[in-house]
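Below is one structure, written out as structure tokens; comments come after it.
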Amino acid sequence: MDDQTLSKRIRELAKAVTSEPPSVAVRLLEQLKEEKAPTEEQLRSTKAGVAIGKLRQNQNKDIARLASEIVSKWRKNVDAAKDAKKRKLEQSKSPTPKDSPAPPPSSYSTPYQGDPEKRHFKVDNVDIARTGNKARDGSIGVLYNGLAYRATESIEEVLQRAMEVEAAAFAVYKDTPEYRSKIRGLMTSLKRKDNPELGRRVLGGEITPEKFVVMTDDELASEAQRARDRELERENMLKAQVPMAQKSISDSLQCNKCKQKKVSYSQAQTRSADEPMTTFCECTVCGHRWK
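Here it is as structure tokens:
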């Protein structure tokens, strides 16, 4: 499958997801799954990996499942191609005897077999002593825990990305309180239950370590969280723009709870303009409210 065909498939799939019944997207994904996996160069030029990766969070379970299976298949194909290229290069430098056993497949292509939600560098038996600096090594462990949470990538792949992120953070912030605060903040964002896509984007390379360590809290948040924040901001602005109704005290209104006639009231137009205004009452003695 060439670049043009792959790009066309991705466009058709994007249209189906947004404007067609789920069955159409499922059919297109099944066809894509049966096709020969694209190369790493094709995935980069067409951005197909990013497009399919986003569908892993689709509300339709079949679409999400097929998208995950396709991403896994493509990733294994890319890893296998890298391993083959590496072995070929090593063999060209140092030929091995004909009867030598074939080198084992890279552990980078071996998915994690345990419970992804319980991953921790200690559980995975990861040696985090990589920099000779205890504080920085601890940061690698913290980042490993965040990246590994819910991930099925191999131990080596997660560790490598954790080391890259720590190195990028140290290059920007050096040994400062801001560095330590940033590491903790990144780990917290990675482990948010409503934002599983962040870790996948970092591990998958969509977000580079250099970009990851300078992202703002808003950029690190999930789309759902950003939508909630925007709605809350809109509500607060509306509240700030609505003038407080002037309250008056009346001795002609009686509280139906304590029977006192010390009642404050205000009126507001809560319905259409041709409807009578609503009177809001509050007893100044017992606090009972009614309208």
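For the sequence shown, full-length UniProt numbering gives the first residue as 1, with consecutive numbering after it. We put the beta carbon where it would ideally sit given N, CA and C, even for glycine. In this text the structure is predicted, and so the values were computed from the model without any measurement.
How about Pro6 and Lys33: are their beta carbons less than 8 Å apart?
-> One detail in the question is off: residue 6 reads as Leu in this sequence, not Pro. Not a contact, by the Cβ cut-off of 8 Å.
If you draw a straight line from the alpha carbon of Arg180 to that of Gly138, how long is it in whole angstroms?
-> 10 Å
Three-state secondary structure (DSSP) at residue 293?
-> Lying before the first or after the last residue shown, residue 293 is absent from the chain, which here runs from 1 to 291.
Please state if the CB of Tyr112 and the CB of Ser68 are separated by a distance shorter than 8 Å.
-> no
Name the DSSP beta bridge partners of Arg289, please?
-> Glu282
Who are the Cβ neighbours of Cys286 in its own chain at under 8 Å, not counting the five residues just before and after it?
-> Cys255, Lys257, Cys258, Gln260
Lys86 to Asp194 span [Cα, whole Å] | 38 Å
Go to Gln160, then tell me how far its alpha helix (DSSP H) extends in each direction, as first and last residue.
-> 155–173
What first and last residue would you give for the beta strand (DSSP E) that runs through Tyr112?
-> Tyr112 -> no beta strand (DSSP E), and no H or E assigned at all.
CB contact check: Pro276 to chain C, cutoff 8 Å = The displayed structure is made up of one protein chain only, and chain C is not part of it.
Exposure label - Leu143; buried when at least 16 CB within 10 Å = buried
Beta-carbon separation (whole angstroms), Asp124 vs Ala148, contact threshold 8 Å = 7 Å
Helix, strand or coil: which one does DSSP assign to Ser7?
-> helix
Are Gly146 and Lys191 touching if we call contact CB-CB under 8 Å?
-> yes
In this structure, does DSSP put Val123 in helix, strand or coil?
-> coil
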